[in-house]
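These notes concern the structure reproduced below.
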Amino acid sequence: MKEWSIGMTEYRRNELLGRPSSLPPRHHSMLARSCTIAACFLAFFLSGSLRADEPQVLTNSIGMKLVRIPAGTFVMGSPRKEAERDDKEERHEVAITKPSYMGVFEVKQSEYQTVVSGSNIADRSSFRGDDNPVENIEWIYATAFCELLSNRVEEKKAGRKYRLPTEAEWEYACRAGSSTAFHYGDSLSSEQANFNGNYPAGDAKKGKYVRQTAKVGSYEPNAFGLYDMHGNVAEWCADWYDPEYYLDSPDEDPLGPPLGVLKTKFTNNGNQNFFVVVRGGCWVDDGRACRSAYRFRAMPKTQYRLIGFRVMCDVEGE
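For the sequence shown, position 279 (counting from the first letter as 1) is numbered 284 according to my numbering, and the numbering increases by one without interruption.
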């Protein structure tokens, strides 16, 4: 599997979060220096490498920041030796064949309110704050937000179309090249993510439990430059949920099971409730529920202060 390593400097992190930060010192002109051809070539090579490692971030018309997620192949699910894994996390290789953009942060309340203003979709978040993630939101409202954002004049002109990530896209983006239980490693403490720190994962020590959402970007990002992929709010995905889906899912760009198949499969067993995939764990969960491979479900009309979302964006011509 190809390893993707995209570094985030403190300056870049502050820039994404809108925090004040002093600009990094500019390089002195190489022409003003006396140097050998070899030294000049080395400096040029290194500076090019550093630029290549910077995440490709775009800022859309409402100020939302999105980072480019490259195409690639990864192993989805968890190994049998992973602590507290679930049997429905069977490992299988998946190819994400097209690059796209993903929200650097979970959708903030300020962003949500900007987009849904004038519609009949209200922000019912329990933990108020412009920079806190929107939560207490139905799946259909999350998808409606994506449609409303896509239909804004500036976004149409830019050829940007928004949607929820598929389950496979979400895990690929969360892992960002890692194969461990978390993108941090096999342990998770409440210094690394917002969850119930009384129940850390792996060999991490017990920590604080803040009992509510945190401002987005309060913890370190993963290698793709994505924040809060573990904890804070769990995140709606686009897929309908089937616990057995991994047994025969497509190897390329899986979209989840069709609803019609689920209705046939589960209604025959007397079950008429159909669920949507939720990923990432949340502020009330223990560490195990924040694992990269952990699969959860919720009914699409669920409104609960544990669940929010982030967007994917397909850009025309890319």
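The C-beta atom is built at its ideal place from N, Cα and C for all residues, glycine as well.
>> To test your reading of the DSSP string, which unbroken beta strand (DSSP E) runs of 3 or more residues are found completely within the segment 243-301?
In response: 281-284
>> Give me, in chain order, the residues of the same chain whose beta-carbon lies closer than 7 Å to that of residue 309; leave out the 5 immediate sequence neighbours on both sides.
In response: 141
> Hey, residue 191 and residue 207 are a contact pair by Cβ (cut 8 Å); roughly how many whole angstroms apart?
Replying inline: 5 Å between Cβ atoms; contact.
> For the candidate residues 110, 216, 241, whose alpha-carbon lies nearest to that of residue 68?
Replying inline: 110
>> Tell me whether the segment 243-263 and the segment 123-136 touch, counting them as touching only if at least three CB pairs, one residue from each stretch, are closer than 8 Å.
In response: no
> For the candidate residues 155, 87, 184, whose alpha-carbon lies nearest to that of residue 293?
Replying inline: 87
>> Using C-beta distances below 7 Å, list every residue in its chain close to residue 126, excluding the 5 sequence neighbours before and after it, in chain order.
In response: 146, 149
> Start and end of the alpha helix (DSSP H) containing residue 180?
Replying inline: 172-180
>> By DSSP's criteria, residue 199 is part of a beta bridge. Which residues make up the other side?
In response: 236
> Given that a residue counts as buried once 16 or more other Cβ atoms are within 10 Å of its Cβ, and exposed if not, what is residue 76?
Replying inline: exposed
>> For residue 218 and residue 284, what's the separation of their Cα atoms in angstroms?
In response: 16 Å
> Which whole-angstrom value describes the C-beta separation of residue 296 and residue 178, a residue pair presumed to lie in contact below a C-beta threshold of 8 Å?
Replying inline: Rounded, the Cβ-Cβ distance is 15 Å, inconsistent with contact.
> For residue 161, which of helix, strand or coil comes out of DSSP?
Replying inline: helix
> Is residue 80 near residue 194, with beta carbons less than 9 Å apart?
Replying inline: no
> Do the CB positions of residue 290 and residue 236 come within less than 9 Å of each other?
Replying inline: yes
> Rounded to the nearest angstrom, how far is the Cβ of residue 154 from that of residue 108, given a contact under 8 Å?
Replying inline: Rounded to whole angstroms, the Cβ separation of residue 154 and residue 108 is 11 Å, and the two are not in contact under 8 Å.
>> Rounded to the nearest angstrom, what separates residue 315 and residue 112 at their Cα positions?
In response: 5 Å
> Which residues bound the beta strand (DSSP E) around residue 115?
Replying inline: Taken as a continuous stretch (DSSP letters only), residue 115 belongs to no beta strand (DSSP E), being part of the alpha helix (DSSP H) at 114-121.
> What's the gap between the Cα of residue 99 and the Cα of residue 158?
Replying inline: For residue 99 and residue 158, the distance between alpha carbons rounds to 35 Å.
> If you drop the 5 nearest sequence neighbours on each side, which residues of the same chain put their C-beta closer than 6 Å to that of residue 301?
Replying inline: 283
>> Quick check: what's the CA-CA separation for residue 102 versus residue 117?
In response: 29 Å
> In the DSSP assignment, what residue or residues form a beta bridge with residue 167?
Replying inline: 318
> Is the distance from the Cβ of residue 280 to the Cβ of residue 245 below 9 Å?
Replying inline: A contact, by the Cβ cut-off of 9 Å.
> Since residue 90 contacts residue 239 with CB under 8 Å, what's their CB separation in whole angstroms?
Replying inline: So it is not a contact: roughly 18 Å between Cβ atoms.
> Which first and last residues belong to the alpha helix (DSSP H) in which residue 155 is found?
Replying inline: 144-155
>> Can you list, in chain order, the residues of its chain with a C-beta nearer than 6 Å to that of residue 105? Leave out the 5 residues immediately preceding and following it.
In response: 74, 317, 319
> Nearest to residue 93 by alpha carbon, out of 211, 123, 249?
Replying inline: 249
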